[in-house]
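For reference, the structure discussed in these notes is given below.
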Amino acid sequence: MGKTYNIAVIGGDGTGPEVVAEGLKVINAAAEKFGFKLNLQDYDFGGDRYLKTGEVLPDSATNELKKHDAIFLGAIGHPDVKPGILEKGILLRLRFELDLYVNLRPVKLYPGVECPLKDKGPEHIDFVVVRENTEGLYAGAGGVLKKGTQDEIAVQESINTRKGVERCIRYAFEYCKKRNKENKLTLCGKTNVLTFAFDLWERAFYEVAREYPQIKADYAHVDAITMWFVKNPEWFDVIVTDNMFGDIITDLGAMIQGGMGIAAGGNINPTGVSMFEPIGGSAPKYKGQNIINPLAAICAGAMMLDHLGESKAAAAIEKAVMIVTGQKLKSLAAGKMGYSTTEVGDLTVKYMQDIKE
Ligand code: IPM
Ligand code: MN
102 MGKTYNIAVI GGDGTGPEVV AEGLKVINAA AEKFGFKLNL QDYDFGGDRY
152 LKTGEVLPDS ATNELKKHDA IFLGAIGHPD VKPGILEKGI LLRLRFELDL
202 YVNLRPVKLY PGVECPLKDK GPEHIDFVVV RENTEGLYAG AGGVLKKGTQ
252 DEIAVQESIN TRKGVERCIR YAFEYCKKRN KENKLTLCGK TNVLTFAFDL
302 WERAFYEVAR EYPQIKADYA HVDAITMWFV KNPEWFDVIV TDNMFGDIIT
352 DLGAMIQGGM GIAAGGNINP TGVSMFEPIG GSAPKYKGQN IINPLAAICA
402 GAMMLDHLGE SKAAAAIEKA VMIVTGQKLK SLAAGKMGYS TTEVGDLTVK
452 YMQDIKE
């Protein structure tokens, strides 16, 4: 008898619940094939709940979520709610309170997916960004003086603790070692200008690197990285960076892997509960039409299974996704796939079931 995993499901806003439904369809089918069980519990956090109750996230939420083995999130963001309220009140709050200190974002171009880069194919685009997820400019340090006047002063500070930086860097080295692809870890920073913050990052990086002689420790400035992502994405294996730079470069990463329809990520606490999500947002204009691409959510589901230790199931889902992108979908864009949201989920299940273990 296989294991049972308790999963908290937050469908969230816009198309979140639709893509989550397809993700669950696929991971449930994988559970059946690979002999484990998923015990799902729904949570209604999101814009609709906020508009109804005035409460963004109940104070009990973190403790409640901590009882699960993982969290599967759709998307947060509602057209009738002022930007920032839900993002800060749900997504960022969960990242802080659950100490989800790594944001893991694979950038992989699957077969058949249109890539905006000239002469680049799946053999060139396969790297992973490890983004610090609880500090930096996201920590909320700073303040405003004389607001609304000509003398207004706004300060937003980047918080970098030795502990926070080092644990993220350690995770990245371990991840790179386990991935065992090019065995190269690139620190993405800005040591030529941000001489306090990235001095700390750089020292911590090269100190930890001494414990990993098999990993090539490499460095690139963030501005140069955006250039190389476009020109030579094949240079990268694993990249580690701070919260803000990670936010920016992973959107660029998502575009070179075919867009938000396919990009997935994990908010990880290596010793606690982790949260997996498609990174594309709630896309409210496509809500309820059964045309949004669910592959990002399906890939997030595979990442979640991998994290839980069900690596065979995760690999089978990824292979099935590659068949769907390579042989079926006309495009990854909403409404242009040649299939509906639910059909893409069904196709993935079908190919996943056919995969030999
Ligand atoms: C992301 C998003 C979030 C971030 C927003 C929605 C707060 O862009 O997960 O990358 O900036 O981290
Ligand atoms: Mn982002």
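FYI, the numbering for the sequence shown is 102 to 458, going by the numbering used here.
Backbone N, C-alpha and C fix where the C-beta goes; we use that ideal spot for every residue, glycine too.
This one's a predicted model, so the numbers in the text were calculated from it and none came from an experiment.
Asked                                                                                                                                                                        : Found
For E224, which of helix, strand or coil comes out of DSSP?                                                                                                                  : coil
Name the residue from N164, R150, I128 and H169 whose alpha carbon lies nearest to the alpha carbon of Q142.                                                                 : H169
Straight-line CA distance for Y313 to L286?                                                                                                                                  : 10 Å
Using the C-alpha atoms, what's the distance from G249 back to P334?                                                                                                         : 44 Å
Mapping DSSP to helix, strand and coil, what is V256?                                                                                                                        : strand
Of all the options Q390, A176, N234 and R194, which has the alpha carbon lying nearest to the alpha carbon of D160?                                                          : R194
Starting from the Cα of G436, find the closest Cα among L192, K104, A325 and T116 and give me that residue.                                                                  : T116
Report back the beta-carbon spacing between F48 and E411 to the nearest angstrom; my notes put them in contact at under 8 Å.                                                 : The structure shown does not extend to residue 48, since the chain is modelled only from 102 to 458, so the question has no answer here.
Report the start-end ranges of each beta strand (DSSP E) in the stretch 313-380 that is 3 residues or longer and not cut off at the edges.                                   : 317-322, 339-342, 365-369 and 375-379
Look at N394 and V445 and say whether their C-beta atoms are less than 9 Å apart.                                                                                            : yes
Establish whether the CB of K167 and some CB of chain B are separated by less than 9 Å.                                                                                      : In summary, chain B is missing from the structure at hand, where a single protein chain is found.
The ligand IPM and N370: does the residue's C-beta get closer than 8 Å to at least one heavy atom of that ligand?                                                            : no
For a test of your reading of the model: does the CB of K183 fall under 8 Å from any non-hydrogen atom of the ligand IPM? Yes or no.                                         : no
Given that a residue counts as buried once 16 or more other Cβ atoms are within 10 Å of its Cβ, and exposed if not, what is E378?                                            : buried
Just tell me which of A122, N140, K386 and V341 has its CA closest to the CA of G103.                                                                                        : N140
Could you spell out where the beta strand (DSSP E) holding K138 opens and where it closes?                                                                                   : K138 to Y144
DSSP three-state label for Y202, please.                                                                                                                                     : coil
Return yes when the Cβ of N284 is within less than 9 Å of the Cβ of Q484, no when it is not.                                                                                 : Outside the displayed span of the chain (102 to 458) sits residue 484, for which this structure offers no information.
Pick out whichever of Q428, E303 and A384 has its Cα sitting closest to the Cα of A318.                                                                                      : E303
So for I392, helix, strand or coil by DSSP?                                                                                                                                  : coil
Just jot down, in chain order, the residues whose CB lies closer than 6 Å to any heavy atom of the ligand IPM.                                                               : E188, L192, L193, D348 and I380
Taking only three categories from DSSP, how would you classify R311?                                                                                                         : coil
Can you give the Cα-Cα distance for R263 and E133, rounded to whole angstroms?                                                                                               : 44 Å
In whole angstroms, give me the CA-to-CA distance for G359 and V422.                                                                                                         : 13 Å
Give me, in chain order, the residues of the same chain whose beta-carbon lies closer than 7 Å to that of I424; leave out the 5 immediate sequence neighbours on both sides. : Y452
Are the stretch 345-355 and the stretch 293-303 in contact at 8 Å, needing three or more beta carbon pairs?                                                                  : no
Say yes only if the C-beta of D343 is nearer than 8 Å to one or more non-hydrogen atoms of the ligand MN, and no if none qualify.                                            : no
For L174, write down the residues that DSSP places opposite it in a beta bridge.                                                                                             : I111
Can you give me the start and stop residues for the beta strand (DSSP E) that T287 sits inside?                                                                              : K285 to G290
Which of helix, strand or coil does DSSP assign to E123?                                                                                                                     : helix
Taking 8 Å as the cut-off, is the beta-carbon of D352 closer than that to any non-hydrogen atom of the ligand MN?                                                            : yes
If you count every other CB in all the chains shown that lies within 10 Å of the CB of A325, and 16 or more means buried, which is it?                                       : exposed
Round the Cβ separation of V110 and L152 to the nearest angstrom and send it over; I've been treating them as touching at under 8 Å.                                         : With a Cβ gap of about 20 Å, V110 and L152 do not count as contacting.
What does P207 pair with, by DSSP beta-bridge criteria?                                                                                                                      : V229
Using C-beta distances below 6 Å, list every residue in its chain close to T105, excluding the 5 sequence neighbours before and after it, in chain order.                    : K138 and N140
Quick one: Cα of A434 to Cα of K291, how far?                                                                                                                                : 34 Å
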